[in-house]
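Visitor: In our numbering, the protein residues as written are 2 to 331. Positions of the beta carbon are idealized from the N, C-alpha and C atoms, including for glycine. Provided herewith is a single structure, encoded as structure tokens, for subsequent inquiry.
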């Protein structure tokens with residue numbers, strides 16, 4: 002492992018995103034600071050006047066020309082090249098997700114808002130019955146899934162009301178959809194993971210977590226689903242007919258899971274940041290179901306809170322006080 006560069010941060014990181022197309026990393030803080038830094042050396046390139054109070058998410062468009070950031074008092078769109086800034090007052094905004102063509106879906110309070118690639122408003126359905134907690138594009142990117150109280154709702158282009166829904170009682174805190182189009186999953190307030198197969202009526206429920214499940218996500222292939230909610234990072238195998246009756250991989254190196262990020266590859270590599278501040282890299286295909294596994298590599302940067310892959314062998318790590326780019330030399 003080699004530290005390529007590191008830079009000080011003025012705020013504890015709430016969200017982290019990187020774009021090789023833009024050559025930038027965006028760091029959104031819990032106290033409302035938004036910084037853009039160079040991927041080459043970590044130098045500060047911009048610090049927009051966000052006026053959001055506290056951030057919840059940040060993400061770049063696929064071409065790197067713009068970014069979206071959500072927070073407790075609304076969300077913003079920022080032009081990376083021209084510095085143009087649009088602010089939207091929309092209450093508690095939790096997540097934002099770009100489609101491959103640059104369309105942007107935002108969980109804006111009780112509303113789903115979709116922007117065109119140029120930033121203009123494309124469509125906005127009627128308000129949902131509760132605050133939207135998560136948002137993701139489905140496999141063909143023609144529909145958007147949102148999570149909230151009572152399950153998941155699916156919206157199609159220009160639809161005012163959901164065209165489909167997946168129901169299960171309780172508060173759903175996060176949503177993930179497999180790139181295969183076969184599965185939709187949620188992490189829940191009642192410390193469970195809930196799973197729906199998109200074709201047919203198969204529905205699965207994974208209880209037993211000691212904490213609520215606030216983050217879950219599929220790897221790029223759609224085979225592996227990782228989630229927090231316990232001391233270990235839990236990874237479920239969706240490669241067969243279904244994970245019903247199976248045991249998850251248990252990625253055991255932390256006191257709890259602060260954050261995780263999948264590498265953009267086809268071999269099941271995931272990085273995790275623990276609540277104790279260390280970072281671990283895992284190869285899930287080499288691990289046995291139901292058995293605690295050992296990481297491919299681990300290190301302690303001192304208070305890690307967010308991780309983000311940059312290519313195959315480099316990892317951005319945000320700690321309590323600084324941002325660093327690490328060459329993992331795997």
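Starting from residue 198, trace the beta strand (DSSP E) in both directions and tell me its first and last residue.
Guide: 194-198 is the span of the beta strand (DSSP E), which, as asked, contains residue 198.
Visitor: How about residue 217 and residue 175: are their beta carbons less than 8 Å apart?
Guide: Yes, the Cβ-Cβ distance between residue 217 and residue 175 is below 8 Å.
Visitor: Report the option in 254, 256, 326 and 208 whose CA atom is closest to the CA atom of residue 245.
Guide: When each option's Cα is compared against that of residue 245, the closest is 208.
Visitor: Below 7 Å CB to CB, which residues in the same chain sit around residue 94 once its five sequence neighbours on both sides are set aside?
Guide: For residue 94, where only same-chain residues beyond five positions count, the Cβ hits under 7 Å are 57, 71, 72, 75, 76, 107, 108, 109 and 110.
Visitor: Rounded to whole angstroms, what is the Cα-Cα separation between residue 53 and residue 283?
Guide: Taking the straight line from one Cα to the other gives about 35 Å.
Visitor: What are the start and end residues of each continuous beta strand (DSSP E) run of 3 or more residues lying completely inside the segment 165-237, in chain order?
Guide: If we require 3 residues or more, the beta strand (DSSP E) runs fully inside the segment 165-237 come out as 165-178, 184-189, 194-198, 204-207, 217-219 and 225-228.
Visitor: Any idea if residue 21 is buried or exposed, counting beta-carbon neighbours within 10 angstroms, 16 or more meaning buried?
Guide: It is exposed - the Cβ of residue 21 has fewer than 16 other Cβ atoms within 10 Å.
Visitor: With respect to the beta strand (DSSP E) encompassing residue 14, which residues constitute its N-terminal and C-terminal limits?
Guide: Residues 14-20.
Visitor: Return yes when the Cβ of residue 279 is within less than 8 Å of the Cβ of residue 247, no when it is not.
Guide: Against a cut-off of 8 Å, the Cβ pair of residue 279 and residue 247 comes out as no contact.
Visitor: Quick check on this structure: which residue in 28, 40 and 137 has the alpha carbon closest to the alpha carbon of residue 55?
Guide: If we check each option's Cα against that of residue 55, 28 comes out closest.
Visitor: By the 10 Å Cβ neighbour count, where 16 or more other Cβ atoms means buried, how is residue 148 classified, buried or exposed?
Guide: Buried, since its Cβ has 16 or more Cβ neighbours within 10 Å.
Visitor: State the start and end residues of the unbroken beta strand (DSSP E) segment that holds residue 309.
Guide: Counting along the chain, the beta strand (DSSP E) containing residue 309 begins and ends at 305-311.
Visitor: Hey, how far is the Cα of residue 221 from the Cα of residue 49?
Guide: Rounded to whole angstroms, residue 221 to residue 49 spans 31 Å at the Cα level.
Visitor: Whole-angstrom Cβ separation of residue 326 and residue 313, contact assumed at under 8 Å?
Guide: Not a contact, Cβ separation roughly 14 Å.
Visitor: Looking only at C-alpha atoms, which of 99, 43 and 329 sits nearest to residue 144?
Guide: Closest option to residue 144, Cα to Cα, is 99.
Visitor: Out of 302, 264 and 51, point me to the one whose CA is closest to residue 31's CA.
Guide: For residue 31, the nearest C-alpha among the options comes from 51.
Visitor: Helix, strand or coil for residue 250? Go by DSSP, reduced to three states.
Guide: In the structure shown, residue 250 sits in a strand (DSSP, three-state: E or B).
Visitor: Start and end of the beta strand (DSSP E) containing residue 258?
Guide: Segment 258-263, the beta strand (DSSP E) holding residue 258.
Visitor: Hey, could you find the ends of the beta strand (DSSP E) residue 67 is sitting in?
Guide: First-last of the beta strand (DSSP E) with residue 67: 67-72.
Visitor: Would a C-beta distance cut-off of 8 Å place residue 293 and residue 231 closer than the cut-off?
Guide: Going by C-beta atoms, residue 293 is not nearer than 8 Å to residue 231.
Visitor: Using the Cα positions of residue 45 and residue 321, report the straight-line distance between them to the nearest angstrom.
Guide: Rounded to whole angstroms, residue 45 to residue 321 spans 18 Å at the Cα level.
Visitor: So within the segment 266-294, which uninterrupted alpha helix (DSSP H) runs reach at least 4 residues, ignoring any that extend past its ends?
Guide: The segment 266-294 contains no whole alpha helix (DSSP H) run of 4 or more residues.
Visitor: Can you tell which of 134, 211, 161 and 181 has its C-alpha closest to the C-alpha of residue 173?
Guide: The option with the nearest alpha carbon to residue 173 is 134.
Visitor: List the residues that DSSP assigns as beta-bridge partners of residue 7.
Guide: Paired residues: 325.
Visitor: Between the segment 178-191 and the segment 111-128, do at least 3 Cβ pairs fall closer than 8 Å?
Guide: No: the two stretches stay apart, fewer than three of their Cβ pairs being nearer than 8 Å.
Visitor: Measure the alpha-carbon distance for residue 204 versus residue 182 and round it to whole angstroms.
Guide: Taking the straight line from one Cα to the other gives about 15 Å.
Visitor: Taking a contact to mean a Cβ-Cβ separation below 8 Å, would you say residue 239 touches residue 184 in this structure?
Guide: Yes, these two residues count as a Cβ contact at 8 Å.
Visitor: To which residues of the same chain is residue 249 closer than 6 Å at the C-beta, ignoring the five residues directly before and after it?
Guide: 235, 236 and 237, listed in sequence order.
Visitor: Leaving aside the five residues before and after residue 16 along the sequence, list all residues of the same chain whose C-beta is less than 6 Å from its C-beta, in chain order.
Guide: The answer, listed in chain order, is 29, 56, 58 and 59.
Visitor: Helix, strand or coil: which one does DSSP assign to residue 154?
Guide: Three-state result, residue 154: strand.
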